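Accompanying notes for the structure given below.
Protein chains in written order, with the working numbering: chain A, 7 to 465; chain B, 7 to 465.
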């Protein structure tokens, strides 16, 4: 074990305290009520990078939330890695389902619980600590390192591409290492080489201009919840397949390499459904079918629905409006704009008379992505994971969306490798999000090794 | 004008202050968060009845919220009127749509705005002030008066029938006058002689045992919002007619007297739809069709729907549960239990595999009601209204539910006349509920006259 690795493990408690402090900041990017937390988290991260030894640290303003940039050039001739991550987090709702408060990080059973700890503050803090350890032990980094940490990943990164375009020269690098993403399963190391795209929509149906008494007006006034459920209820068939006309237009046949990975995964559907506490639906015959649906088919999910009275007890009201939040995952060939148009057409065609509907796309969305399979750095990342985790990692796709791969390729002309130590079962986006401290320890060693190897001429 | 009427109008400002004080108390019965307000409102009313001169005033406990009882027997041989009303109010949501706060009653343009001012605190305060005026001016009431004011009307009166059964002897009377109910239109005096029944349900669909990331799990995990909208979306046809099997079983043909009232009403559908800010749907051809739907047809309305993330921005979640609040208005022949069973069967038959559904009936519900058309007191009430409002009132039905008529008939064997000065356009159950001060003044005079006439042997 190298001096850097020794240093990292000897200082693990300090690293955990840093992570707790980072997670106490409620940096929810989607909700304006939390914008103080966004600023605070950006400042915290900038300060931590400075303390780690980065001579250049800047908060880069965007049209939305700021990004944090840091740079340490060891040698202009050495390779340059740009570390990507995000300091924003998902909303903590529903608050009453957290065993300990979302923004009071707590350790139980070698796990640390708190909003954002797995997605992405824990995985992001790892390369910061690794860089610091190199500077403390060897006095220098193995190669040139830049950081670019955004604050809008959970909001669909609306200003990320403009940020890359604006700062193209300063961000120049040979490779992006993403601290965001997720290991696929705790018992099986994996690297993510493909992800679905994404588009998010907000649908609002309006009926009467004000809330009405449902006894007095029931039978004559038009209830927007009724219109909404009728329109949304016609978007899937009885088995949950999307039946919106035009939704899959342009979708390409699946990549044979991902089909091969599905075959190799030997995924067990029954175990999966037990883990999410839900009976297995009939159409999902086995693990192969399950992964095909998660990786290779587009989705249309209702993330939220809202209308009328939702408090305890009842209220006899016909509300003025009802709304739903929809997000879709896209496969190769689908575009956010075309999917939004198909959904809007579906809704408008089914809108009963007497109602109005608005369909708003939230953020630019992103197309599906896959990485160059022959990238040498990918093989190096796989080798490090294989050494530390005892078996060669599987190349997997991801149902979730990491739009940054495509963005870095487009603006900086480099590939991005997802090298995150978050695991997909860590309830990110749900109550009781956690991060395994074992992953934290492994991640520190893995990043230390990978940076060292990427510095070698073989790369 | 009698001395009593003079007294009432001379003291109108004090009456308005009393009403404001009553309306400042947030006595929302459906939401446990407001239970302090319930107790406070019951105590306020009991105190006000004592100050009015009632020697016997008691807070009667029930299994839920208490009722307030008062009694003043002028002469055991004189007729006895029991005044009914309720001191509880609807929830104030959505709070942000109120021009002035829901529990800070405010006068604008000869109207007083506040939650509960029209339903039912204003109309209920009128007979209290009238009784006080008789005692202050004549030293006695024209007849025996009892009050029974409940605190659960907006919760479906779950403990009202047991209350009547328990206190049957103390509540004995010759006639009930209800201060609850509503005049039908501000420009046309009316008495309500029939109302639809009601039943309220809460439907919850459960999918996975916890919230899941919709990117990671989308395509494999079952989304309960999808199941809910599919099941609810199949409860009405495209024109809004209820198509739940068995829903209308047992419904009797409409009462010809109510059909005659609809013919007499000359109701204008276009004016109605302008007043609620909604275009007229095609199936509602005219005012006759509109009133037929409001008075003579059952409804199934979604009062609330809730699931997943509802805050600002988005959250890529597949929620664990989704739920809806449903209430139905029933016509003669339908029973709450049968309607609940029909809805539960509809939902269970359509529940996709992989989900669970629970259907909970909230409160006992009530059947439709109509009053004896030959009741002499009804003619006297109509005569008073005719004198004060300039034209003979129309006998109308009510889309909303007043279950107390049937309850008084069943337990006390008396009829109830709705003698309320609330008007149906006063946005009760909606933001910016108001009560016309002109109705307050007219109501005081009308109650003074009606009590006087009911004391006469002609009755």
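For glycine and all other residues, C-beta sits at the position ideal for the given N, C-alpha and C.
As the structure is a computational prediction, the values presented were derived from the model and not from experiment.
Of the residues the options, the one placed nearest residue i, counting alpha carbons only
i              : options                        : result
residue 307(B) : 317(B), 82(B), 331(B)          : 331(B)
residue 27(A)  : 128(A), 325(A), 79(A)          : 128(A)
residue 20(B)  : 188(B), 135(B), 239(B)         : 135(B)
residue 404(B) : 156(B), 195(B), 201(B), 8(B)   : 201(B)
residue 34(B)  : 324(A), 319(A), 250(A)         : 319(A)
residue 324(B) : 299(B), 221(B), 387(B), 445(B) : 221(B)
residue 252(A) : 99(A), 343(A), 445(A), 204(A)  : 343(A)
residue 263(B) : 286(B), 101(B), 226(B), 301(B) : 301(B)
residue 282(B) : 212(A), 293(A), 280(A), 309(A) : 212(A)
residue 189(B) : 429(B), 438(B), 436(B), 215(B) : 429(B)
residue 478(B) : 186(B), 79(B), 98(B), 151(B)   : Past the edges of chain B, shown from 7 to 465, lies residue 478(B), and the structure says nothing about it.
residue 310(B) : 304(A), 305(A), 298(A), 329(A) : 329(A)
residue 249(B) : 294(B), 196(B), 303(B), 225(B) : 303(B)
residue 231(B) : 361(B), 406(B), 334(B)         : 361(B)
7 angstroms Cβ shell around residue i - same chain, five flanking residues per side excluded
i              : result
residue 66(B)  : 72, 73, 75, 169, 173
residue 148(B) : 140, 457, 458, 461
residue 143(A) : 9, 10, 13
residue 194(B) : 400
residue 470(A) : Chain A is shown only over 7 to 465; residue 470(A) falls outside these bounds and no answer can be derived.
Per DSSP, cross-strand counterpart(s) of residue i
i              : result
residue 328(A) : 211(A), 313(A)
residue 152(B) : 77(B), 88(B)
residue 224(A) : 227(A)
residue 218(A) : 324(A)
residue 23(A)  : None; residue 23(A) has no bridge partner.
residue 335(B) : 204(B), 305(B)
residue 376(B) : 200(B)
residue 191(A) : 194(A)
residue 242(B) : 248(B)
Own chain partners of residue i with C-beta closer than 6 angstroms, once the 5 adjacent residues on each side are dropped
i              : result
residue 53(A)  : none
residue 120(A) : 29, 111
residue 68(B)  : 165, 169
residue 375(B) : 201, 411, 412
residue 132(A) : 449, 450, 453
residue 217(A) : 323, 325, 326
residue 440(A) : 117, 119, 432
residue 398(A) : 392
Endpoints, beta strand (DSSP E) assigned at residue i
i              : result
residue 119(B) : 117-119
residue 368(A) : 362-372
residue 200(B) : 196-201
residue 113(B) : 112-114
residue 184(B) : 181-184
residue 441(A) : 440-442
residue 66(B)  : 62-66
residue 422(B) : 422-424
Element boundaries [alpha helix (DSSP H), containing residue i]
i              : result
residue 298(A) : 293-302
residue 403(A) : Not the alpha helix (DSSP H): residue 403(A) falls in the beta strand (DSSP E), residues 400-404.
residue 123(B) : Element bounds for residue 123(B): n/a, residue is neither H nor E.
residue 384(A) : 382-395
residue 50(A)  : 41-58
residue 9(A)   : 9-16
residue 417(A) : 410-418
residue 428(B) : Element bounds for residue 428(B): n/a, residue is neither H nor E.
residue 128(B) : 128-143
residue 345(B) : 342-356
residue 263(B) : 262-271
residue 280(A) : 275-281
Close-in-space but distant-in-sequence residues of the same chain around residue i (CB under 8 angstroms, 5 per side omitted)
i              : result
residue 448(A) : 394, 395, 427
residue 296(B) : 273, 275, 278, 290
Measuring CB atoms only, is the region 178-196 of chain A touching the region 400-411 of chain A, in the sense that at least three cross pairs come out at less than 8 angstroms? yes
Taking 8 angstroms as the cut-off, does the region 272-280 of chain A touch the region 308-318 of chain A (at least 3 CB pairs, one atom from each stretch)? no
Touch test, the region 347-363 of chain B against the region 262-270 of chain B, Cβ-Cβ under 8 angstroms, three pairs minimum: no
Taking 8 angstroms as the threshold, find out whether the region 52-64 of chain B comes into contact with the region 106-119 of chain B through three or more Cβ pairs. no
Check whether the region 230-237 of chain A touches the region 226-238 of chain B, counting contact only when three or more Cβ pairs, one atom from each stretch, lie closer than 8 angstroms. yes
Does the region 189-208 of chain B touch the region 358-367 of chain B, meaning 3 or more C-beta pairs lie closer than 8 angstroms? yes
Any contact of the region 92-104 of chain B with the region 153-163 of chain B, i.e. 3+ C-beta pairs under 8 angstroms? yes
How do the region 256-264 of chain B and the region 333-343 of chain B stand: do at least 3 beta-carbon pairs fall below 8 angstroms, yes or no? yes
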